[in-house]
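So the sequence lines, in the order shown, correspond to chains A and B.
Per the working numbering, the first sequence starts with residue 11, numbered consecutively.
Per the working numbering, the second sequence starts with residue 1477, numbered consecutively.
Notes follow once the structure below has been shown.
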Amino acid sequence: MKKQVTLAREFLKGIWEINPVFKQVLGLCPALAVTVSVVNGLAMGVAATFVLVCSSFLISSLRKWIPSQVRIAFFIVVIATFVTIADLVMKAKLPELSKALGPFIPLIVVNCVILGRQEAFSSRNKPLRSVLDALGIGAGFTLALIALGGVREVIGSRTFFGFPVLPDQFEPWLIMILPAGAFLTFGLMMGFANMYTDKKARIAKDRQLGKLILKQERQLIKEAEV
Amino acid sequence: MKTIIHMIAALTILGILAGGLLAYVNGWSSPLIAENERKETERAIFLVIPEGKSYERIQNAGFEVYKVFDESKSLSGYSLVYDGNGFQGKIKIMAGLNNNLEKITSIEILSQVETPGLGTKITEEPFKGQFNHLITSPSIIWVKGTPASKENEIQTITGATITSKAVVDILNGGIARLRELKAREAL
Chain A
11 MKKQVTLARE FLKGIWEINP VFKQVLGLCP ALAVTVSVVN GLAMGVAATF VLVCSSFLIS
71 SLRKWIPSQV RIAFFIVVIA TFVTIADLVM KAKLPELSKA LGPFIPLIVV NCVILGRQEA
131 FSSRNKPLRS VLDALGIGAG FTLALIALGG VREVIGSRTF FGFPVLPDQF EPWLIMILPA
191 GAFLTFGLMM GFANMYTDKK ARIAKDRQLG KLILKQERQL IKEAEV
Chain B
1477 MKTIIHMIAA LTILGILAGG LLAYVNGWSS PLIAENERKE TERAIFLVIP EGKSYERIQN
1537 AGFEVYKVFD ESKSLSGYSL VYDGNGFQGK IKIMAGLNNN LEKITSIEIL SQVETPGLGT
1597 KITEEPFKGQ FNHLITSPSI IWVKGTPASK ENEIQTITGA TITSKAVVDI LNGGIARLRE
1657 LKAREAL
C-alpha cells in the first residue's frame, strides 16, 4: 500500500509543485498561442479544466472496467466528447470568445495535460482524489495562462482584462503579442520559477549541512574535554 | 477471447453513449449557433449600407451577395461577401456597393489573421475609411508611400503592403464577378 497524501495536498500540488505549464512543461501549444490577452487565457483555462474534471471523474469511476489494452483509445473518446460539448456550448453562448480562441478549443482533445492526467492519475486512483487532482491541475493551468496572458497583454497592448492600465505615452511592444513574445515571457517565467525552487532547495541543504557541522564540532569539543 | 469481447464491448458502449450525448448537445446548440451567425451577417450588412432596412440573399450567385433595400423597399445597393488570400491566411470582407456597382459605400473586415499591429490595421478606420465612397471603375488601385490622389485610389499601410494589396485584390475580384452577374441580368 503506497503512502496516501492528504486530500488538500492532492488539490494543491497541481498549482505549484507539479504545475502543468511551468513544472511539467505540458500543454504548451495552447498556453503559448492563446495568451495574447488575459480573457483568452482564462477562457482556455476554464474550458480545459471543465474537460479535465469531467474526464477524470468518468475515467476514474470506470477504471476497473476499462480494458487496459484499449485504455488510450477509451480516454481519447471520452476527452473528445467533453471537448466537443465545451466547444458547442461556447459557440452557442459566447460566440465572440469562441472566435478569438479559434481552433484551440477543439485542439484540447490532444492536449497532453489532460491525457497525461488520465494515464498517470485517474486510471489508478479513486474518483474523489481524481477530481481533486484534476481541479488542482486545471487551476494550475488556468493560473499559468492568466500569468502569461497578463504580462503579454499589459506590455503588448497596454491593457489588463481589456482595461487600459498603462499611459498612452507607453508605446506597446508589438513583439509581446506575437509568438516570439510568448516564448520570451514563458522562458523568463519558467526561469524565475526554477530559481525560486533552487533557492529553497539550497537553503534546506545549507541548513542540513550546518547541523552536521555543528554536530561534528560538538563531538570534537567532547573529545578535547576527555 | 474474453478480453477481446470485453475490449469490443467497452469501446462500442462508449461510442454509442458519446454519440448520443453529442447528438443531444448538437441539437440544442445548432439553432443558437445559426442564430449567432445570422445576427453577425445582418449587423455587417447594415453596417456597410447604413440606409438599409431589409435584405435578401441572391441565390445561385456562387458566392454570398445580398440585395439591400431601404425604408421604402426600393433597392439601395448590394452587400458583397468575398474572401481571398492575405499575408498569413484568408481575409473575408463585406463590402457595400451602390445600385450600379460604381461606388463602394463602405467595407467591413469580417475575419483576418494578419500580423498583429501591422496587417491588422486594415480593420481600423484610417485604412478602412479610405473605401468610403470610393469609385470602383475601372478597378480600385493602390499607391504606396504617397497619399491617394485619384477617386479610385487608396494608400497602402506602411509595413503591411501585401495585406493592403490583398484587400484591394479581393474587392476587385468580387466586384468583377458581381459585374458579370449584372451583365447577365442575374442580379
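All C-beta atoms, glycine included, are put in the ideal place defined by N, C-alpha and C.
{"Query": "Residues of chain A with CB closer than 8 Å to the CB of B/V1501, please, in chain order.", "Result": "T94, I95, L98 and V99"}
{"Query": "Considering only C-alpha positions, which residue in the set A/F151, A/R162, A/P113 and A/E227 is nearest to A/E27?", "Result": "A/F151"}
{"Query": "Please list the terminal residues of the continuous beta strand (DSSP E) segment that includes B/W1504.", "Result": "First-last for B/W1504: K1478 to V1524, but that is the alpha helix (DSSP H), not the beta strand (DSSP E)."}
{"Query": "Starting from the Cα of B/I1525, find the closest Cα among B/N1574, B/T1632, B/I1630 and B/E1600 and give me that residue.", "Result": "B/N1574"}
{"Query": "Tell me the rounded alpha-carbon separation between A/G126 and A/S167.", "Result": "34 Å"}
{"Query": "What first and last residue would you give for the beta strand (DSSP E) that runs through B/I1569?", "Result": "K1566 to L1573"}
{"Query": "So what's B/N1648 in DSSP terms, helix, strand or just coil?", "Result": "helix"}
{"Query": "So, helix, strand or coil for B/F1545, using DSSP?", "Result": "strand"}
{"Query": "List the DSSP bridge partners of B/L1587.", "Result": "Per the sequence presented here, residue 1587 of chain B reads as Ser, with Leu not at that position. B/K1568."}
{"Query": "Can you say whether A/Q128 is buried or exposed, counting buried as having 16 or more other CB atoms within 10 angstroms of its CB?", "Result": "buried"}
{"Query": "Compute the minimum distance between the beta carbon of A/K74 and the heavy atoms of the ligand COA, and state whether it is under 7 Å.", "Result": "Of the ligands one can find in the structure shown there are none, so the ligand COA has no counterpart to examine."}
{"Query": "Under 7 Å Cβ to Cβ from A/V63, same chain only, skipping five residues before and after it: list those, please.", "Result": "V141, A144, L145 and G148"}
{"Query": "Quick one: is B/A1652 buried, meaning 16 or more other Cβ sit within 10 Å of its Cβ, or exposed?", "Result": "exposed"}
{"Query": "For A/A110, I'd like the list of residues in its chain whose CB is within less than 7 Å of its CB, leaving aside the five on either flank, ordered along the chain.", "Result": "N50"}
{"Query": "Determine which residues of the segment 1501-1530 of chain B have a Cβ less than 7 Å from any Cβ of chain A, and write them out in chain order.", "Result": "V1501, N1502, S1505, L1508, I1509 and N1512"}
{"Query": "Name the one or two DSSP bridge partners that B/E1533 has.", "Result": "The sequence given here has Arg at residue 1533 of chain B, not Glu. The partner list for B/R1533 (beta bridge, DSSP) reads B/Y1542."}
{"Query": "Please state whether DSSP places A/Q34 in a helix, a strand or coil.", "Result": "coil"}
{"Query": "Anything in chain B within Cβ reach of A/F151, meaning under 8 Å, just list it in chain order.", "Result": "Correct list: empty, because the minimum Cβ distance to chain B is about 24 Å."}
{"Query": "As a quick exercise: from B/G1621, B/Q1631, B/P1614 and B/G1572, pick the residue whose alpha carbon is nearest that of B/I1598.", "Result": "B/Q1631"}
{"Query": "Do B/N1512 and A/P105 come within 8 Å of each other at the CB atom, strictly closer than that value?", "Result": "yes"}
{"Query": "Could you pull the start and end residues of the alpha helix (DSSP H) that A/G126 belongs to?", "Result": "C122 to A130"}
{"Query": "Within 8 Å, do at least three Cβ pairs link the segment 1606-1614 of chain B to the segment 1530-1537 of chain B?", "Result": "no"}
{"Query": "Over what stretch of residues does the alpha helix (DSSP H) that includes B/D1559 continue unbroken?", "Result": "Premise fails: B/D1559 lies in the beta strand (DSSP E), L1551 to N1561, not in any alpha helix (DSSP H)."}
{"Query": "Under 8 Å between C-beta atoms, does B/P1592 make it to chain A?", "Result": "yes"}
{"Query": "On the DSSP bridge assignment, give the partners of A/E163 in chain order.", "Result": "According to DSSP, A/E163 bridges with nothing at all."}
{"Query": "Going by Cα to Cα distance, which pick from A/A43, A/A83, A/S47 and A/G24 is closest to B/I1489?", "Result": "A/A83"}
{"Query": "Does B/H1482 have its Cβ less than 8 Å from a Cβ in chain A?", "Result": "yes"}
{"Query": "Determine, for B/G1491, whether the minimum Cβ-Cβ distance to residues of chain A falls below 8 Å.", "Result": "yes"}
{"Query": "If the cut-off is 8 Å on Cβ atoms, which residues from the segment 77-88 of chain A count as contacting chain B, listed in chain order?", "Result": "P77, Q79, V80, A83, F84, V87 and V88"}
{"Query": "Of the residues A/F114, A/I95, A/L153 and A/N135, which one's Cα is nearest the Cα of A/G24?", "Result": "A/L153"}
{"Query": "Which runs of the alpha helix (DSSP H) fall wholly inside the segment 1586-1648 of chain B and span at least 4 residues, in chain order?", "Result": "1601-1604"}
{"Query": "Taking Cβ to Cβ, would you say A/V61 is nearer than 8 Å to A/V31?", "Result": "no"}
{"Query": "Could you give the DSSP three-state label for A/K221: helix, strand or coil?", "Result": "helix"}
{"Query": "Run down chain A in chain order and give the residues with a C-beta less than 9 Å from the C-beta of B/T1479.", "Result": "P77 and Q79"}
{"Query": "Among the candidates A/M205, A/L138 and A/S132, whose CA atom is the shortest distance from the CA of A/A18?", "Result": "A/L138"}
{"Query": "Would you list the residues sitting across from A/T169 in a DSSP beta bridge?", "Result": "A/P174"}
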